[in-house]
Amino acid sequence: MEKHVALLIIGGGPIGLACALAAQKEGIEYLIIERGCLVNSLYRYPLNMTFFSTSERLEIGGIPFVSNNAKPTRPEALEYYRRVATSKNVNIHLFETVEAVKPENGHYKVITSKQIYTARFIVIATGFYDIPNLLNIPGEHLPKVTHYYKDPHFYATQRVVVVGANNSSVDAALETYRKGADVTMVIREGEIGKRVKYWVKPDIENRISEGSIKAYFYSTLTAIRENEVDIKTPEGMVTIPNDFVIAATGYQPDFNFLEKTGIALSPDEIRCPTYNPETMETNMPGIFLAGVVCGGMNTHKWFIENSREHAEQIMRAIGNYKA
C-alpha cells in the first residue's frame with residue numbers, strides 16, 4: 333500500500349535535516365529517507381577528523397552547537413546532529429534506499445527498498461560521499477586498497493601509499509606516519525593542495541622536506557599488486573614495496589540517480605544539475621536540490637555552512653506553490 337507525504341526528502345545528512353526542520357517550521361508534512369545511518373557521510377569520516385568550520389557555522393534550525401574545541405570534531409558533530417534529530421522528533425526512515433522517483437498524475441511515486449510512497453514535492457540532498465572517484469588502474473579492487481580512510485592505528489608499522497594532496501590525503505599521511513607507518517604520497521600536482529587546512533599544511537610540508545614522509549610529485553599510481561605498487565614519475569617508472577593503499581581521490585554525486593529522476597546535467601565534465609538558484613527547483617517541477625549535490629563535480633563549491641540556506645529557499649518555493 334502506498335504512503336503519501338507532502339514532501340519527501342532524500343538524504344539524512346545535515347542539509348537533509350535542515351530541510352526537515354524548515355518544513356516543520358512551515359507546517360509542511362515531510363519524511364526523510366536515508367539509506368544509511370543518521371548523517372551517514374559524517375559517520376564515515378575518519379575517526380580523528382576536525383572540521384574546517386567553527387561550530388556555529390555547522391548549526392541548523394537555529395539550534396546551538398557547543399564545541400569544546402576551536403574547530404569541532406567528528407564525534408561532536410555526530411552528537412550534535414543526533415541531538416537535533418531526536419529533540420525535534422525528526423520524521424526519518426534510516427537504512428532505506430530510494431531506488432526510483434517517477435512522475436505520476438501531478439505528484440511523484442517514490443520506490444524504496446522497503447515501501448512505495450507518493451509525494452507532491454521532493455528534495456534531493458544526497459551529498460557526494462557514497463561514490464569515490466576511481467583510479468581505474470590494475471589492482472584497485474584488491475582488499476588492501478581503500479577510498480575511505482578511517483583509523484590510523486590499523487596501519488601501524490605498515491608500508492602505506494597515500495594518493496592525493498587534499499585535506500583527506502594529508503590527514504591520512506600525517507596520522508598514519510605518527511602511528512609508525514612508512515608513508516609514501518603520490519601526488520599528481522607539484523605541491524600540496526591549496527585547500528589543505530592552514531594549520532596542517534606546514535606540518536605535511538615539513539615532514540616531506542625532512543624525509544619523514546616520502547612524496548612523488550607530478551606522479552601517478554599506475555598499478556597495485558599484493559606486495560608492491562608502480563608509480564609513474566617524471567624520472568620514469570618506480571616500483572616500491574607496499575602493504576596498503578589509501579586512495580583519497582575524492583568523491584562524486586550519484587549522477588545516475590539524478591539522470592534517472594529526469595534532472596538535466598550540464599554537458600561538460602562538471603555535470604552540474606539544472607536548478608533555479610533562487611528556489612533550488614530543478615527542471616522537474618516540484619523536485620528540489622539542496623547541499624553539495626548542487627555543484628556536480630565541483631564538490632568544493634557547497635558545504636554545510638553555505639548550503640544551510642537552501643532549506644529556507646525550498647520551503648518558500650513550496651509555500652508559493654501552495655499559495
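Under the working numbering, residues 333 to 655 are what the sequence shown spells out, in order.
Beta carbons: idealized from backbone N, C-alpha and C, even for Gly.
All of these numbers come straight from a predicted model, not from anything done at the bench.
Task: Inter-residue CB distance, Ala-350 and Leu-374 (contact presumed, cutoff 8 Å) - done: Not a contact, Cβ separation roughly 14 Å.
Open item on the list: Considering only DSSP beta bridges, list what Val-493 is partnered with.
Closed with: DSSP lists Thr-516 and Val-577 as partners of Val-493.
Task: Length of the line joining the Cα atoms of Asn-630 and Glu-601 - done: Each residue's alpha carbon lies about 10 Å from the other.
Open item on the list: So, at 6 Å on beta carbons, what are the nonlocal neighbours of Asp-575 in its own chain, with the 5 sequence-adjacent residues on each side left out?
Closed with: Excluding residues within five positions, the ones whose Cβ falls inside 6 Å are Gln-490 and Arg-491.
Task: Check whether Pro-378 and Tyr-530 have beta carbons under 9 Å apart - done: no
- [ ] Consult DSSP for Leu-486 and reduce its assignment to one of helix, strand or coil.
- [x] The sequence given here has Phe at residue 486, not Leu. The answer is helix: DSSP assigns Phe-486 an H, G or I state.
Open item on the list: Once DSSP output is grouped into helix, strand and coil, what is the label at Phe-453?
Closed with: strand
- [ ] Return the residue from the list Gly-623, Ala-555, Gly-582 and Thr-611 that minimises the CA-CA distance to Asn-468.
- [x] Ala-555
Task: Expected contact under 8 Å - CB spacing of Glu-358 and Ile-424 to nearest Å - done: Not a contact, Cβ separation roughly 18 Å.
Task: For His-473, three-class secondary structure by DSSP - done: coil
Task: Cβ pair count under 8 Å reaching 3, the stretch 584-597 against the stretch 540-549 - done: no
Task: alpha helix (DSSP H) segment containing Tyr-509, residue limits - done: 499-510 is the extent of the alpha helix (DSSP H) around Tyr-509.
- [ ] Return yes when at least one heavy atom of the ligand SAM lies under 8 Å from the C-beta of Tyr-377, else no.
- [x] The ligand SAM is not among the ligands present in this structure, which contains no ligands whatsoever.
Open item on the list: I'd like to know if Tyr-530 contacts chain B, where contact means its C-beta is closer than 9 Å to some C-beta of that chain.
Closed with: Any reference to chain B falls outside this structure, which holds one protein chain only.
- [ ] Mark Ala-488 as exposed unless 16 or more other C-beta atoms lie within 10 angstroms of its C-beta, in which case mark it buried.
- [x] exposed
Open item on the list: For Ser-501 and Ala-580, I'd like the C-alpha separation in whole angstroms.
Closed with: About 5 Å.
- [ ] Could you check what DSSP says for Lys-533 in three-state terms: helix, strand or coil?
- [x] helix
Open item on the list: Assuming contact is defined by CB atoms lying nearer than 9 Å, are Ile-536 and Thr-552 in contact in what I supplied?
Closed with: no
Open item on the list: Short of 6 Å in beta carbon distance, which residues of its chain neighbour Leu-657, apart from the five on each side in sequence? Order them along the chain.
Closed with: The first residue shown for the chain is 333 and the last is 655, placing residue 657 beyond what the model contains.
Task: Per-residue DSSP class, three states only, for Thr-554 - done: Here Thr-554 sits in strand by DSSP.
Task: Delimiting residues of the alpha helix (DSSP H) encompassing Tyr-375 - done: Per DSSP, Tyr-375 belongs to the alpha helix (DSSP H) from 372-375.
Open item on the list: Less than 7 Å between C-beta atoms, sequence neighbours within five positions excluded: which residues of the same chain meet that for Val-433?
Closed with: Tyr-440, Val-442, Ile-454 and Thr-593
Task: Pairwise C-alpha distance: Gly-438 and Thr-516 - done: 56 Å
Task: N-terminal and C-terminal residue of the alpha helix (DSSP H) that Lys-357 is part of - done: 346-358
TODO: On a CA-only basis, which of Phe-384, Ser-419 and Arg-406 is nearest Gly-394? Give me that one, please.
DONE: Ser-419
Task: Reduced DSSP category for Ile-650 - H, G, I as helix; E, B as strand; rest coil - done: helix
TODO: Taking all protein chains shown into account, decide if Phe-427 is buried (16 or more other Cβ within 10 angstroms of its Cβ) or exposed.
DONE: exposed
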